[in-house]
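Engineer: Residue numbers (full-length UniProt numbering): 1 to 1076.
Yeah, the Cβ is synthetic: ideal placement off N, Cα and C, and Gly gets one too.
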């Protein structure tokens, strides 16, 4: 190659790669010399593969042979890079390879773009496909030297029957395990595309479409037949309802005719009644006139008596009013007399009160004189007591001292209360911070429970049983590791495996064994545990100071990004060397070529990637690998454990100080209570002495006050004689007023008696006139009663006549309205004839109406819509019968098409599967095992359920078992996959097949057997091109002349491709052998 010091894309290590062919593949030079060599290629086979700046290759050209091409090389040399070039160069998707999902990742590291060129054999002129890949995932295509788009390349590749997405043709290394995971249906489709005729898969798809359409038509026919049957049944049920509807309509017509005739009958009946009322009214008027003439004289006499009674009744009314007025005046005078009696009683009561007041006044004077004598006697006794003023002064001094001490205590208590309130507020704030931290820890625990429930269960057990352990026991690392800055959590989480992040860390091994016995053996939990190193490594210094690395953009070591308990940090330093893993920035990424050359750096981080640097023990060459650093899932929630511990200590300190303050407050309160008690005692003593000192002065003041009061009482004496004379004079004046009132009262009594006698005389006169009037009224009462009855009869008949007249007009109008006639129109002849057939009386009409209505009401739930629905459904039934016939004919046609398509597809498919089975069984028998391939379907009509079933048996003592991803071992699956692909080889219509490192899991015996089968089968003249990639080969294998062996090497001392000379290489080998 041009520069042996190139870099691998994934590792950023200087290397070079070279693809060469061995002595067994010297025909590759001759095959390019003319058409004779290329004639052995199947159309679509690969003639040449050119790669430039692609994965591990700077520039390389591969010339595969027409049959078996064995690509051999150590791991990492670039064998699979050839497979990737084939896939991407033939417009395959990156998902087929199972590697990077972006095509730009396949460009060699440090290059802006890469190139792939593939030459395919085609009669009439080979096809050359060129793809230019840019690191921004863009691609440029050329077909036979002309620019084109990817779709054009895909169409050309498809025309050559190349299917890189078919695992039966193209099986890359990362997809080997997926072959056994393919379902029977997927395997059938892949086999049809790979070895079947071009039209077989199309027939299969056509059959599946036909079957889906047949199902749809069957469902449509079934639904329409069911709907048609239900419609017929429903119409059959409705037919009876239609007949009942028409019968009901006949009854309703009779009812309508009766309702039309009834108002006419009512009109004629009312008209006849009106005529009779008119005749009766005229007769009543004649009788009323005769009665009025006979009653005239008696009525005049009664009128005269009534005229005489009116003045007499007026005089009686006036007398009654005068009598009422005189009675009211008598009552007034009586009330005045009662008030004078009350006034005399009040005067006498006032006199009695004055007498009682004077008596009480004399008693108070006597009592005051006795009190003065007693106070003088007590004053004489008090004069002999000693002076108490010095004692009172001493007590006052003691009280002031107590007051000062109490003020001092209260001041101290206030200070302590303020300090306690401050401690309480501080404690609440600290508890809030601690709760916030605990909430974050709970969020961490929820993530742990969601990811690994067994670890969470073991964590709960540990918290309840922590006292069983002697040394420090730490919860899972992800809970105790606290990243100082959440931005750096992803580096820590990427560096430590999740297996360790969920592990418990123990200081002592015996504690770890006890823990694992409990949770793993007894509780059957899957948990991890770690014992910290006996000698702590947490403080181990890095190999170089971070300051010496800042020129590369490194700003810290991984250990400085997080906090953890000493045992956890010791383990991480010992196991993951977190103290010696530097973390850099964008500058580091830009200088990565220079950075990886530093001899002391083994693992490092840039902003987005992790780099692992390895140095060859033999050649001292450097290889690197890098991986993206993904966002953190568990460590973004940061809880500073040291801060949490300090918070807990501060809360305990606050609680302790609060308790001390409470104790001090209790002691101060006790002192204050003692002072209060002493203060009360002194105050009581001071009060007693003060009372004793002031008692003489008080006695002297009381005696003086009582003497003044006595002099005032003696001066204010009441004159009872004068008061009694004044009372007598007042009573005499009131009695004089009473005499005047009695005289007026007697005068009014006499007036009332006179008026009463006059009223009696007038009443007797009125009674005589009333008796005469009553006699006359009795005489003419019989004639007046008959007259009144006759008058009422006339009035009643007049009203009735008016009512009947209006009623006749209304009935006539209503009758014509019901019959839809004009007001001046006479009854039509057809209605007249119809009315003649009906009853002529109202009773008969009502009876007939009730009968017809009863019969009509028997037909319930019927309407005109029943008839409309019946007729509409009859039309629908005819339409459905036509549709059902059309769909049935279409279904029969589809079934005929399916039968023909099934013959075109199934018979060749069975023959193809039988051929595959013969080959597959022969291969297994040659390995002393058993295997078979058959066409499997649970239902012959379900064409989308057809599949190819592979059954194998590797031991004589077992039965044939279906090949699955779980039943067989990895080596058995590899053998089965390889032999199935070889069974397809001779039947294959695809131009080439690629199998990458399928022999990795095989034991040596099976690998040798499979290799022999591959060589025998793939080297036949009738088979197509075959690529077999392997990193290793057994010794003493059998090779064929038709094989092409491509050896892939890499290293610093490889020759560039333009300097590679196979002939010179072989000649030197022969010379060395001759000398040996």
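Taking all protein chains shown into account, decide if residue 458 is buried (16 or more other Cβ within 10 angstroms of its Cβ) or exposed.
Structural biologist: Residue 458 is buried by the Cβ-count criterion.
Engineer: If you compare alpha carbons, which of 590, 453, 578 is closest to residue 523?
Structural biologist: Answer by Cα proximity: 453.
Engineer: So is residue 455 buried or exposed if we call it buried at 16+ other beta carbons inside 10 Å?
Structural biologist: Counting Cβ neighbours within 10 Å, residue 455 comes out buried, since at least 16 surround it.
Engineer: Near residue 749, what residues of its chain come up, given a Cβ to Cβ distance below 7 Å and the 5 sequence neighbours on each side ignored?
Structural biologist: Result list for residue 749: 330, in chain order.
Engineer: Taking contact to mean at least 3 C-beta pairs separated by less than 8 Å, is the region 349 to 367 in contact with the region 710 to 724?
Structural biologist: With a cut-off of 8 Å, the region 710 to 724 and the region 349 to 367 count as touching, because enough Cβ pairs lie within range.
Engineer: So, are the CB atoms of residue 960 and residue 973 less than 9 Å apart?
Structural biologist: Not in contact: residue 960 and residue 973 (Cβ atoms no closer than 9 Å).
Engineer: Nearest to residue 996 by alpha carbon, out of 878, 83, 74?
Structural biologist: Here the closest residue by C-alpha is 83.
Engineer: With a threshold of 16 other CB atoms inside 10 Å of the CB of residue 683, please say whether the residue is buried or exposed.
Structural biologist: It counts as exposed.
Engineer: For residue 489 and residue 635, which I take to be in contact (beta-carbon distance under 8 Å), what is that distance rounded to the nearest angstrom?
Structural biologist: With 8 Å as the limit, residue 489 and residue 635 qualify as a contact, their Cβ atoms being about 4 Å apart.
Engineer: Tell me the rounded alpha-carbon separation between residue 710 and residue 716.
Structural biologist: The straight-line gap from Cα to Cα measures roughly 10 Å.
Engineer: State buried or exposed for residue 332, treating a residue as buried only when at least 16 other CB atoms are found within 10 Å of its CB.
Structural biologist: So residue 332 counts as exposed.
Engineer: Quick check: what's the CA-CA separation for residue 817 versus residue 274?
Structural biologist: Answer to the nearest angstrom: the Cα atoms are 22 Å apart.
Engineer: For residue 801, tell me which candidate among 706, 276, 76, 75 has the shortest Cα-Cα distance.
Structural biologist: Among 706, 276, 76, 75, the Cα nearest to that of residue 801 is on 276.
Engineer: Between the beta-carbon of residue 980 and the beta-carbon of residue 185, is there less than 9 Å?
Structural biologist: Going by C-beta atoms, residue 980 is not nearer than 9 Å to residue 185.
Engineer: Note the first and the last residue of the continuous alpha helix (DSSP H) segment covering residue 747.
Structural biologist: That run of the alpha helix (DSSP H) goes 720 to 779.
Engineer: Rounded to the nearest angstrom, what separates residue 517 and residue 460 at their Cα positions?
Structural biologist: Those two C-alpha atoms are separated by around 16 Å.
Engineer: Can you tell which of 200, 119, 140, 187 has its C-alpha closest to the C-alpha of residue 906?
Structural biologist: With distances taken between Cα atoms, residue 906 lies closest to 200.
Engineer: Expressed to the nearest angstrom, what Euclidean distance is found between the alpha-carbon atoms of residue 667 and residue 412?
Structural biologist: About 11 Å.
Engineer: Express the C-alpha separation of residue 852 and residue 268 in angstroms, rounding to a whole number.
Structural biologist: Rounded to the nearest angstrom, the two C-alpha atoms are 24 Å apart.
Engineer: So, for residue 898: in the same chain, excluding its five sequence neighbours on each side, which residues have a beta-carbon less than 8 Å away from its beta-carbon?
Structural biologist: Excluding sequence neighbours, residue 898 sits near 207, 210, 211, 214.
Engineer: Based on the DSSP secondary-structure assignment, which residues constitute the bridge partners of residue 611?
Structural biologist: DSSP output for residue 611 lists 604, 626 as bridge partner(s).
Engineer: If contacts are defined as beta-carbon pairs under 8 Å, then residue 605 and residue 491 qualify, I think. What distance do you get, rounded to the angstrom?
Structural biologist: With a Cβ gap of about 5 Å, residue 605 and residue 491 count as contacting.
Engineer: Residue 507 CB to nearest chain C CB: under 9 Å?
Structural biologist: In the displayed structure, chain C is absent; only one protein chain is listed.
Engineer: Let me check understanding here. Comparing Cα to Cα, which of 107, 242, 884, 1037 lies closest to residue 223?
Structural biologist: For the residues 107, 242, 884, 1037, the minimum Cα distance to residue 223 belongs to 884.
Engineer: With DSSP run on the structure shown, which of helix, strand or coil describes residue 1047?
Structural biologist: If DSSP states are grouped into helix, strand and coil, residue 1047 belongs with the strands.
Engineer: Decide if residue 246 is buried, meaning its Cβ has at least 16 other Cβ atoms within 10 Å, or exposed.
Structural biologist: Classification of residue 246: exposed, given that the 10 Å Cβ count is below 16.
Engineer: Can you tell me whether residue 266 is buried or exposed? The criterion is at least 16 other CB atoms within 10 Å of its CB, across all chains shown.
Structural biologist: Buried, because 16 or more other Cβ atoms sit within 10 Å of the Cβ of residue 266.
Engineer: For a quick check, are the C-beta atoms of residue 558 and residue 578 less than 9 Å apart?
Structural biologist: Yes, they are a contact pair.
Engineer: Give the straight-line distance between the Cα atoms of residue 970 and residue 435, rounded to the nearest whole angstrom.
Structural biologist: Their backbone Cα atoms lie some 53 Å apart in a straight line.
Engineer: Since residue 654 contacts residue 462 with CB under 8 Å, what's their CB separation in whole angstroms?
Structural biologist: Going by Cβ atoms, the distance from residue 654 to residue 462 rounds to 29 Å, so no, they are not a contact pair.
Engineer: Flag this pair as yes or no: are the beta carbons of residue 923 and residue 983 separated by less than 9 Å?
Structural biologist: Yes, the pair counts as a contact, with Cβ atoms nearer than the cut-off.
Engineer: Would a C-beta distance cut-off of 9 Å place residue 139 and residue 1029 closer than the cut-off?
Structural biologist: Not a contact, by the Cβ cut-off of 9 Å.
Engineer: Here's the rule: buried if 16 or more other CB atoms are within 10 angstroms of the residue's CB, otherwise exposed. What is residue 976?
Structural biologist: Burial call: buried.
Engineer: Of the residues 929, 882, 541, 136, which one's Cα is nearest the Cα of residue 103?
Structural biologist: Taking only the C-alpha atoms, the option nearest residue 103 is 136.
Engineer: According to DSSP, what are the bridge partners of residue 117?
Structural biologist: Answer by DSSP bridge pairing, in chain order: 50, 130.
Engineer: For residue 141, list the residues DSSP reports as bridge partners.
Structural biologist: DSSP output for residue 141 lists 131, 148 as bridge partner(s).
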